[in-house]
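What follows is one structure encoded as structure tokens, with my remarks underneath.
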Amino acid sequence: MARRTPVYEAHRGLDPRWTEFGGWEMPLSYRSIAEEHRAVREHCGLFDVSHMGEIEIRGPEAGAVCQALTVNDVRRLAVGDGQYTLLCNERGGVLDDLILFRLGVEHYLLVVNAANTASDLAWIRERAAGRAEIRDRSAELALLALQGADAEVALRGLTPLDLTSLRPFGLAEGLVAGLPVVVCRTGYTGEDGFELLVEAAAARELWDALLAAATRRGGLPCGLGARDTLRLEAGLPLHGSDMDASTTPLEAGLAWVVKLAKGEFVGRAALAVQAEAGVERRLVGIQLDEPGIPRHGYALRRDGAVVGSITSGTRSPTLGSFIGLGYVAAGTAAPGTPVEIDIRGRLLPARIVARPFYRRVRREN
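Below, the structure is given as structure tokens:
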């Protein structure tokens, strides 16, 4: 049976369409995906992302453990900072992508993908045995995401925290709607926004307060459908679709995350070899010239030959065009390169384009 988040009853009262994702029963949409998508781009939207996992690492060697297991440089994190990073296997394949926060001098928190929580936890425990205290906090915490152009204004009325000075990937601990919360300036939509960690028992109260604040700014509750179209427009890969243990960060366009100069970490040797030799394929943005949804597994062709395949795609509500991500041979990856997408035997013209498809317009709040 699929698991339910601490905010499940609040969702049920809004009568959403449901979907199962990563072993969880989650709202797909409350209205239409396009309406919720536009609300985030123009105002703000509230997402329940409590299906994500939280793994805590504590102790004098906690930083060294994180440094040895992740590809980014943990030494750059001061208390109150976070960074996007990856877990890789010895071959350099991406086991998961995650956000790593430094909550204290010897205290770190990893926010991982829902479908990978159990495997990530086992992998970390195996490699950190005896060096740090590893604890799964996923059942104890809820994670709510307030995203969009008006997210800061909406949240500002609920907290005394100085949100304006909170940097991207930064975090602050304080009261929101009178509840103790960790507020992180992170998200997965291509917009400004915040993700709020709260004790599971207080999640419903926080959800109600955030939704009321979002609604006052023209915002909506949003499901996983809009979260997917938003992240695709932003060109953000999804683990399990656009990358997995068979793909490396260098192939997925995430070389900027990999700090080879920091010293040893799991997967470093393989990634160093690939960095020197160059990749044979790359994850690229693809835009169709005609209507058609590019779906996972559809072949990409050029001059009659298969040069790659689609990993995810959608109709972009913002652009009004059909877009996708996919891997192509490195020689075909230049923006502007024409390709064809094989959609059930029908070849539709498309072209390689630079990511992101959409870049947010910054405005003063």
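Per this note's numbering: the sequence shown = residues 613 to 977. Built from N, CA and C at the ideal position, the CB exists for glycine as well.
{"Item": "Leu809 to Leu959 span [Cα, whole Å]", "Value": "46 Å"}
{"Item": "Member of Tyr910, Asp685, Phe969 and Arg927 whose CA lies at the smallest distance from the CA of Ile953", "Value": "Tyr910"}
{"Item": "Trp636 - containing alpha helix (DSSP H), residue span", "Value": "No alpha helix (DSSP H) contains Trp636, which is instead part of the beta strand (DSSP E) from Trp636 to Ser641."}
{"Item": "Start-to-end residues for the beta strand (DSSP E) that takes in Ser924", "Value": "Ala917 to Arg927"}
{"Item": "Distance CB(Ile955)-CB(Gly938) smaller than 8 Å", "Value": "no"}
{"Item": "Burial state of Trp636 (16 or more Cβ within 10 Å)", "Value": "buried"}
{"Item": "Alpha-carbon to alpha-carbon, Gly943 and Glu764", "Value": "42 Å"}
{"Item": "Minimum length 4: unbroken alpha helix (DSSP H) runs contained in the region 663 to 718", "Value": "674 to 681"}
{"Item": "Beta-carbon contacts of Arg650 that lie in its chain and below 7 Å, excluding the five residues immediately before and after", "Value": "Pro929"}
{"Item": "Ala784 versus Glu647 - alpha carbon distance", "Value": "31 Å"}
{"Item": "Residues bridged to Thr737 [DSSP beta-bridge criterion]", "Value": "Residue identity check: residue 737 is Arg in the sequence provided, not Thr. DSSP lists no partner for Arg737."}
{"Item": "First and last residue of the uninterrupted beta strand (DSSP E) at Trp630", "Value": "Arg629 to Phe633"}
{"Item": "Inter-residue Cα distance where the pair is Asp708 and Phe659", "Value": "21 Å"}
{"Item": "Rounded separation between Pro639 and Ala821 - CA only", "Value": "19 Å"}
{"Item": "Identified DSSP bridge partners for Gly943", "Value": "In the DSSP output, where bridge partners are listed per residue, Gly943 has none listed."}
{"Item": "Contact the region 659 to 672 vs the region 843 to 857: 3+ CB pairs below 8 Å", "Value": "no"}
{"Item": "Assigned exposure category for Asp762 - 16 Cβ within 10 Å defines buried", "Value": "buried"}
{"Item": "Proximity winner among Gly692, Leu900, Val723 and Ala917, relative to Gly782 (alpha-carbon distances)", "Value": "Gly692"}
{"Item": "Spatial distance of Gln899 from Asp840 (CA atoms)", "Value": "17 Å"}
{"Item": "Three-state secondary structure (DSSP) of Ile905", "Value": "coil"}
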